[in-house]
Amino acid sequence: MADFVMRWACKIAVAVAAVLVAFVVYVAVGGLQAVGGQRSVSVIEGLAVAEWDCRDYFWYIYGRLPKKLNIELDDAVKHILDKPTGVFGTPCGFFNISEKLRQWLNNDPVGIEVYERCYGGMFVDAARIYIVVTDHACKEKIAGTIGDLAKQFGTEVVFLKGRYTYKQLIQWADALKDRLYREENGGRLSQMCNYTRAFWANFDVARNLVNIYVQPKCLSPSVVKELAKLVDELEIPREAVLVEDRPEMGALFVVLPCPTRCPC
Numbered sequence: 206m207a208d209f210v211m212r213w214a215c216k217i218a219v220a221v222a223a224v225l226v227a228f229v230v231y232v233a234v235g236g237l238q239a240v241g242g243q244r245s246v247s248v249i250e251g252l253a254v255a256e257w258d259c260r261d262y263f264w265y266i267y268g269r270l271p272k273k274l275n276i277e278l279d280d281a282v283k284h285i286l287d288k289p290t291g292v293f294g295t296p297c298g299f300f301n302i303s304e305k306l307r308q309w310l311n312n313d314p315v316g317i318e319v320y321e322r323c324y325g326g327m328f329v330d331a332a333r334i335y336i337v338v339t340d341h342a343c344k345e346k347i348a349g350t351i352g353d354l355a356k357q358f359g360t361e362v363v364f365l366k367g368r369y370t371y372k373q374l375i376q377w378a379d380a381l382k383d384r385l386y387r388e389e390n391g392g393r394l395s396q397m398c399n400y401t402r403a404f405w406a407n408f409d410v411a412r413n414l415v416n417i418y419v420q421p422k423c424l425s426p427s428v429v430k431e432l433a434k435l436v437d438e439l440e441i442p443r444e445a446v447l448v449e450d451r452p453e454m455g456a457l458f459v460v461l462p463c464p465t466r467c468p469c
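Here the sequence shown stands for residues 206 to 469, numbered as in the working numbering.
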């Protein structure tokens, strides 16, 4: 009798788990579709404003242009859009290649000059390494450093032409984070929006820009105008910034494991 009850209890538990998984996937997909609507970018006071869409962050995987991209639409981008890998993960030899590049950028005189002047950062999917540069001359120097190692692992390296360097993006994002925190705690923005953690900033290498995230309930033309003033005061180019209304805190998201095509 105990075994019979145990078997049925297991069956019920499996059924409940399946229903919960289906519900979570339904909510996650539905939420992404609702959040990632069809609105295009609008411009207020020279700042691009768009609705948050997670697919914009991974445009190179989905093979679709994001709403705002500070990367030149050249043959490299067309190649990505025509033949996206469609798979999250890291390519073969990524850690070896990235470590060699990091050491070169930090310790070699030529690498240091490249980092300061034209290195825009790196991002990956399961088959490719993408490196952003602001000057094509730096592409040759980086390729000469990691090209042979990438070939050994059979990993494709794609160079993209961006407007801003990695160093600039980090500095601007850090400056915005600090300023937005102070604005929310007794500054001008606190008088316009009473929500906790309604504003924060980050940078996005894959789109070569700085994000300012705003709670949807706080996003308005007057708030964007105030953000434009802050951007100017910090001497950040308005073209480098994208204001996005992010999902409400507490929304349900599912993080799936990232598969990889790397057999090694």
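Virtual Cβ for every residue (Gly too), placed ideally from N, Cα, C. Quantities reported herein were computed from a predicted structural model and do not represent experimental measurements.
Look at the alpha carbon of residue i and the alpha carbon of residue j, and state the distance between them as a whole number of angstroms.
i: PHE358; j: SER395; result: 52 Å
i: GLU449; j: TYR418; result: 5 Å
i: LEU306; j: LYS273; result: 28 Å
i: VAL248; j: GLY291; result: 31 Å
i: LYS366; j: HIS341; result: 7 Å
i: ASP280; j: VAL410; result: 19 Å
i: LEU432; j: ASN275; result: 20 Å
i: SER425; j: GLY251; result: 14 Å
In terms of DSSP beta bridges, what is residue i paired with?
i: ALA255; result: GLU449
i: ILE336; result: MET327 and PHE364
i: TRP405; result: TYR418
i: VAL248; result: ALA253
i: ILE276; result: GLY367
Count the other C-beta atoms from every protein chain shown that fall within 10 angstroms of the C-beta of residue i, then say buried if there are 16 or more, exposed otherwise.
i: PRO314; result: exposed
i: PHE408; result: buried
i: GLY298; result: buried
i: LEU374; result: buried
i: GLY473; result: There is simply no residue 473 to check, as the chain begins at 206 and stops at 469 in what is shown.
i: GLU389; result: buried
i: ASN416; result: buried
i: GLY487; result: Nothing can be reported for residue 487: it is not among the residues displayed for the chain, which extend from 206 to 469.
i: LEU414; result: buried
Thinking C-alpha only, which one of the options is nearest residue i?
i: PHE404; options: VAL410, ALA378 and LEU414; result: ALA378
i: ARG412; options: HIS341, ILE302, GLU438 and TYR335; result: TYR335
i: ALA260; options: VAL337, PRO289, PRO271 and GLY294; result: According to the sequence as given, residue 260 is Arg; it is not Ala. Considering only alpha carbons, the answer is PRO271.
i: PRO338; options: GLY352, LEU354, ALA331 and GLU321; result: Note that residue 338 is Val in the sequence shown here, rather than Pro. The residue with the shortest Cα to Cα distance from VAL338 is GLU321.
i: LEU385; options: GLU438, ASN301, ALA255 and GLU250; result: GLU438
i: LEU381; options: TRP264, VAL246, PRO442 and GLN308; result: PRO442
With residue i and residue j assumed to form a contact (beta carbons below 8 Å), what rounded beta-carbon distance in angstroms separates them?
i: ASP400; j: GLN420; result: What sits at residue 400 in the sequence shown is Tyr, not Asp. Contact flag correct, Cβ pair sits at about 5 Å.
Closer than 6 Å: is that where the CB of residue i sits relative to any heavy atom of the ligand NAP?
i: ALA255; result: Inclusion of the ligand NAP in the displayed structure is not the case, the ligand content being empty and no account of it being possible.
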